[in-house]
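Colleague: In this note's numbering, the protein residues as written are 114 to 434.
For every residue, glycine included, the Cβ atom is placed at its ideal position computed from N, Cα and C.
Once you've had a glance at the structure underneath, I'll fire off some questions.
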């Protein structure tokens, strides 16, 4: 179950203690400073879990978090954090490196050594906490990456990883235990692949990329569902694998590519058909917007999936009785 809070709900005199208690008990013990005065701080915070992954999202006014040597000595469970920036500017420092993050950037840092996270203005970030041992990456590969900025300009997987965790943070999907369990493995695979590629590790990167392929394909499909030319060949090319290899990897995971695309497109059509703001659109137009070129094919596929025609589905919209 997710924990969600807004500092506006807390009395001004209690805000600092409340934030310390929340962050220390749900994320990691750190020291904090606030700009402006603590009574004027603005913070919205949400934290949830997916198996071994802890995902926290924070929108806040200027502040700084410090993992001090004393706090490091008190905590003996190695955790890795991936910070994904969506708004504002943040500076993360660790191990002699400093990363200046702007929207779309990300950085990893480790709980077993001191670090600082300085949010210099109104910012929004998603913090992904993963046990070091779950990543199964050798320290010699991981440690040079601490405090180093990553982004779409430096890592081909950065956009996919950022989109994956930003999407998770924006939904209530992880409130369901079955959904949380289902995304834990792919989430760890994506982070492992991101770091292996960033490290330029010829030994680890191929296996990490292979392990994350299904998650990356699912994300790519979701991002391009409405495009009519979303074909298996295009998907394979976008991920630099052969079509045969793509089908083989998906088959091992029990994923049917055509079925996945059609199921998600039909789900989008079903939502659109019951959206009052789209009530003026013809059924065929809605189908076309979600990649169904042939209205007859769309109608048959929709009826097989939902047990009624698109028009019948639309008429059952709750606001129409």
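Just mark residue 299 as buried or exposed, buried being the case when its beta carbon has 16 or more other beta carbons within 10 Å.
Modeller: Residue 299 should be labelled buried.
Colleague: Could you tell me which residues DSSP puts in a beta bridge with residue 171?
Modeller: 158, 238.
Colleague: Residue 184 by DSSP, collapsed to three states: which one?
Modeller: It is helical.
Colleague: For residue 263 and residue 388, what's the separation of their Cα atoms in angstroms?
Modeller: Distance between the alpha carbons of residue 263 and residue 388: 39 Å.
Colleague: Whole-angstrom Cβ separation of residue 287 and residue 163, contact assumed at under 8 Å?
Modeller: Going by Cβ atoms, the distance from residue 287 to residue 163 rounds to 5 Å, so yes, they are a contact pair.
Colleague: State buried or exposed for residue 196, treating a residue as buried only when at least 16 other CB atoms are found within 10 Å of its CB.
Modeller: Residue 196 comes out buried.
Colleague: If distances are taken between C-alpha atoms only, which option among 176, 141, 269 comes closest to residue 227?
Modeller: With distances taken between Cα atoms, residue 227 lies closest to 141.
Colleague: Can you give me the Cβ contacts of residue 131 inside the same chain, cut-off strictly under 6 Å, excluding the 5 residues immediately before and after it?
Modeller: Around residue 131: 123.
Colleague: How should residue 239 be labelled, buried or exposed, when 16 other C-beta atoms within 10 angstroms of its C-beta is the threshold for buried?
Modeller: Per the 10 Å Cβ criterion, buried.
Colleague: Identify the residues that DSSP records as bridge partners of residue 204: which are they?
Modeller: Residue 204 is bridged to 213, 231.
Colleague: For residue 145, write down the residues that DSSP places opposite it in a beta bridge.
Modeller: In the DSSP output, where bridge partners are listed per residue, residue 145 has 178.
Colleague: Please classify residue 250: does DSSP put it in a helix, a strand, or coil?
Modeller: Note: residue 250 maps to coil in three-state DSSP.
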